[in-house]
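Q: First the structure, which I've put down as structure tokens, then a few questions once you've had a look.
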Amino acid sequence: MARRCADLVVLAPATSRDLRIPSGPSMGSCRPSGTILIVEARHAPSDPVDLVGRVGPSGSECPGRPLSGDYSAAALVAISEGVVVHLATGEIVGCNPAAERILGLSCGQMAGRTSLDPGWRAIHLDGTPFPGEEHPAMVTLRTGESLRGVVMGIHTPDGTLRWISINTEPIPGADGRPASVVAIFVDITERHRAEESLQELQVLLKALVDSTNDLIWSVDPETFGLLTFNRALEEYFLEARDLKIRIGHRPEDLLPPAVADRWHEMYRTTLREGFFSAEYVTHAGMRTLDLSAHVLERKGRVFGISVFGRDVTERRRSEGRVLARTAELTEANRELEAFSYSVSHELRTPLRAIDGHSAMILRDCAELLDDEGRRHLGQIRGNAQRMGRLIDDLLGFSRAGRVDLAVEKLDMTEAAKEAFTRVVPDSASARRISFSIAVLPEVTGDPELLGRVWENLLSNAVKFSAGKEKPEIRVEGSIEGDEAVYRVRDNGVGFDMKYVDKVFGVFHRLHAIDEFEGTGVGLALVRRIVMRHGGRTWAEGELDRGAVLSFSLPARNG
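The sequence shown: position 393 = 402 (the working numbering), numbered continuously.
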């Protein structure tokens with residue numbers, strides 16, 4: 010016999026193994042005893058809460074008796090929202106297929122259970138346990154009031170945590186108290202994960218925005234009131250104007266009228282052009298900001314203006330100091346160049362006189378001088394000539410750092426061969442030297458200056474290998490990465506590597522002047538020219554085993 014609960018008719022004892030609302034046109038579910046639970050929906054499934062409102066009477070004793078013309082039954086089966094029916098005792102007596110899918114349990118497994126069952130392992134959004142007596146169905150049975158949008162986490166039998174949003178609707182009995190309750194829920198697991206990811210992203214973005222020293226804010230496109238701002242902007246106003254800014258503040262709330270008008274104009278220009286960029290000097294010239302503003306738009310609707318401001322005050326001041334210092338150095342270089350020219354000119358005249366008069370004495374008065382006198386005059390002439398060469402080298406060294414580069418494609422193989430011919434013009438001397446040159450990579454550079462590089466390197470190699478019975482000089486080159494590398498090897502006297510830092514220095518000699526003549530400027534000139542071409546220099550050597558002097562230049566593209 011049926012047990013009637015107001016409009017709900019439950020046929021059969023509560024020990025049924027399957028109370029599932031079946032698919033198909035029928036809303037009834039046969040139990041082993043042959044009785045049926047029939048649930049009738051009031052409306053179409055536009056509102057899940059209204060899907061189950063009234064339960065109609067039934068006296069059917071036949072399994073699966075169809076409800077002719079009952080489209081609500083098919084809707085309950087088809088909808089994606091889960092539907093569970095509880096008796097006044099809290100026991101579950103029916104569900105639809107969506108409830109089974111979401112909760113991971115069949116209606117038979119849910120039959121007879123209440124929300125107080127700890128097996129549900131329900132939790133709140135913050136992860137704390139959701140007590141059974143606070144479950145929406147139990148609250149509605151207790152209070153008779155409908156609930157909407159209660160979020161609950163449920164652990165399914167396989168351990169998966171699913172988040173559901175629950176609505177409940179009481180079905181009153183004859184005494185007006187709930188005789189049963191219908192719980193309708195939506196699986197919001199993916200939405201919840203997306204919301205958590207969005208919240209984490211918002212926290213991360215806020216941390217990033219607050220960690221920068223740049224000023225970042227956004228304003229409403231209509232009122233120009235602040236929508237967001239970062240810590241740097243807040244501190245900026247505290248420092249500059251001793252003012253605590255707030256959301257909604259407009260330019261006129263923060264700045265003098267004339268300055269506020271400038272900000273209004275910037276925002277209007279941004280809305281009109283979509284972008285704004287300018288350098289802005291703040292009130293009273295205290296600070297200089299490099300500003301850029303962009304329109305914030307989504308689906309054709311402008312919802313804000315974002316502004317980025319970088320304080321470039323110190324940079325501008327530094328640039329001003331650099332410009333002033335550059336002007337001073339340019340003027341000093343002009344004066345130094347004029348001084349160098351004057352000094353060299355003035356020094357050359359007495360040096361020529363000393364050399365010339367010494368030569369005249371040696372020529373005209375040789376018979377009046379003994380060997381010692383002639384040796385002294387020879388030393389005077391030699392030192393005067395060396396001083397002249399030193400002056401020439403120093404002037405060349407100075408000019409190499411100032412002259413404009415006449416850059417063009419250069420065949421380095423031919424440049425090295427021509428330089429060797431200039432260094433060793435005598436064919437007999439050239440034949441004595443074992444000279445070899447590989448095919449060298451081409452570069453772009455100043456032919457005259459790079460020619461002087463080869464002259465100095467080859468002259469150095471010839472000089473320091475001259476004492477060998479068979480002098481050997483090899484010139485090699487290769488492309489290494491983005492550099493063209495060149496090496497000049499000799500089998501000469503070499504040097505101790507502990508003095509390698511002095512090889513390319515001005516006036517840094519590694520051998521006594523009476524051993525090897527020279528001014529000590531040649532290799533320094535090599536380094537200056539190579540550096541002006543964007544390259545570098547280095548050296549390797551071993552005493553009495555020769556040396557390798559190398560330099561690199563940027564490899565020629567194409």
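Just so you know, even glycine gets a beta-carbon here, dropped at the ideal spot from N, CA and C.
Taking only the alpha-carbon atoms, compute the straight-line gap between Asp-126 and Gln-208 and give it to the nearest angstrom.
A: Those two C-alpha atoms are separated by around 33 Å.
Q: Could you pull out every residue in the same chain whose Cβ sits closer than 8 Å to the Cβ of Arg-325, ignoring the five residues on either side in sequence?
A: Contacts found: Thr-297.
Q: Only counting the same chain, and skipping five residues up and downstream in sequence, which positions put a Cβ closer than 6 Å to that of Ser-227?
A: So the list reads Leu-236, Thr-237, Gly-313 and Ser-315, once near-sequence residues are dropped.
Q: Return the residue from the list Pro-265, Val-290 and Pro-563 that minimises the CA-CA distance to Val-416.
A: For Val-416, the nearest C-alpha among the options comes from Pro-563.
Q: Among Ile-132, Pro-450, Arg-171 and Ser-561, whose alpha-carbon lies nearest the alpha-carbon of Arg-200?
A: The shortest C-alpha separation from Arg-200 is found at Arg-171.
Q: So what does DSSP say about Gly-397, is it helix, strand or coil?
A: In the structure shown, Gly-397 sits in a helix (DSSP, three-state: H, G or I).
Q: Counting pairs of Cβ atoms below 8 Å between the stretch 129-145 and the stretch 213-220, do you hit three or more?
A: Contact between the stretch 129-145 and the stretch 213-220 is absent, because fewer than three Cβ pairs lie under 8 Å.
Q: Could you tell me which residues DSSP puts in a beta bridge with Phe-238?
A: Answer is Trp-226, bridged to Phe-238.
Q: Three-state secondary structure (DSSP) at Phe-513?
A: Reduced to three states, the DSSP call for Phe-513 is coil.
Q: Where does Ala-533 fall in DSSP's three states?
A: Correct three-state label for Ala-533: helix.
Q: Judging by CA-CA distance, which residue of Gly-99, Gln-118, Leu-224 and Ile-163 is the nearest neighbour of Asn-105?
A: Nearest of Gly-99, Gln-118, Leu-224 and Ile-163 to Asn-105, Cα basis: Gln-118.
Q: So which of Gly-162, Thr-279, Ile-442 and Ser-124 has the shortest CA-CA distance to Ile-173?
A: Checking every option, the nearest Cα to that of Ile-173 belongs to Gly-162.
Q: Assess, as a yes-or-no matter, whether the stretch 334-341 is touched by the stretch 376-389 under the definition of 3 or more beta carbon pairs within less than 8 Å.
A: No, the stretch 376-389 is not in contact with the stretch 334-341.
Q: Between the stretch 357-376 and the stretch 255-265, do three or more beta carbon pairs fall short of 8 Å?
A: In short, these stretches do not touch, since the Cβ pair count stays below three.
Q: For my contact list, Thr-149 and Leu-112 are in at a C-beta cut-off of 8 Å; report their separation, rounded to the angstrom.
A: That pair is no contact at about 18 Å.
Q: Give me the Cα-Cα distance between Val-433 and Ala-439, rounded to the nearest whole angstrom.
A: Taking the straight line from one Cα to the other gives about 6 Å.
Q: Which residues mark the beginning and the end of the alpha helix (DSSP H) in which Ser-206 is found?
A: Looking at the DSSP string, the run of the alpha helix (DSSP H) that includes Ser-206 is 198-220.
Q: With Ala-287 as the anchor, note down where its beta strand (DSSP E) starts and where it stops.
A: Residues 284-290.
Q: The beta strand (DSSP E) spanning Val-471 covers which residue range?
A: Here Val-471 belongs to no beta strand (DSSP E); instead the alpha helix (DSSP H) covers 456-474.
Q: I need the straight-line Cα distance from Asp-196 to Glu-274, nearest angstrom please.
A: Asp-196 and Glu-274: Cα-Cα distance of roughly 49 Å.
Q: Helix, strand or coil: which one does DSSP assign to Asn-176?
A: In this structure, Asn-176 counts as strand in the three-state DSSP scheme.
Q: Count the other CB atoms, across all protein chains shown, that sit within 10 Å of the CB of Met-369; report buried if there are 16 or more and exposed otherwise.
A: When all chains shown are included, Met-369 counts as exposed.
Q: Does the stretch 530-541 come into contact with the stretch 484-497, if we say contact requires no fewer than three beta-carbon pairs (one atom in each stretch) closer than 8 Å?
A: Verdict: no, contact absent.
Q: Answer with buried or exposed for Pro-480, where buried requires no fewer than 16 other C-beta atoms within 10 angstroms of its C-beta.
A: With 16 or more Cβ atoms within 10 Å of its Cβ, Pro-480 is classed as buried.
Q: Let me make sure I understand the geometry here. Which of Leu-280, Gly-318, Glu-323 and Ile-538 has the alpha-carbon closest to that of Gly-309?
A: Taking only the C-alpha atoms, the option nearest Gly-309 is Leu-280.
Q: What does the alpha-carbon distance come out to for the pair Leu-386 and Ala-362?
A: Looking at the two C-alpha atoms, the distance is approximately 13 Å.
Q: Do the CB positions of Thr-123 and Gly-153 come within less than 9 Å of each other?
A: No. Outside cutoff.
Q: Just grab the DSSP bridge partners of Leu-305 for me.
A: In DSSP, Leu-305 forms a bridge with Gly-313.
Q: Quick check on the burial criterion: 16 or more other C-beta atoms within 10 angstroms. Buried or exposed for Glu-464?
A: Glu-464 should be labelled buried.
Q: Taking Leu-466 as the reference, which of Ala-556, Tyr-276 and Asp-223 has the closest Cα?
A: Ranking Ala-556, Tyr-276 and Asp-223 by Cα distance to Leu-466 puts Ala-556 first.
Q: As a quick exercise: from Ala-447, Ser-301, Ala-424 and Ser-443, pick the residue whose alpha carbon is nearest that of Gly-283.
A: Comparing Cα-Cα distances from Gly-283 to each of Ala-447, Ser-301, Ala-424 and Ser-443, the minimum goes to Ser-301.
Q: What number of angstroms, rounded off, separates the C-alpha of Cys-71 from the C-alpha of Phe-139?
A: Below a pLDDT of 50, predicted positions are generally treated as unreliable, and Cys-71, at 30, falls in that range; no measurement from the model is reported.
Q: Helix, strand or coil: which one does DSSP assign to Ser-559?
A: Note: Ser-559 maps to strand in three-state DSSP.
Q: Roughly how many angstroms lie between the CA atoms of His-144 and Gly-168, to the nearest whole one?
A: Each residue's alpha carbon lies about 20 Å from the other.
Q: Whose C-beta lies closer than 7 Å to the C-beta of Ser-89 among residues of the same chain, with five residues either side of it excluded?
A: So the list reads Ala-107, once near-sequence residues are dropped.
Q: Taking a contact to mean a Cβ-Cβ separation below 9 Å, would you say Asp-435 touches His-542 in this structure?
A: Contact flag unset, no.
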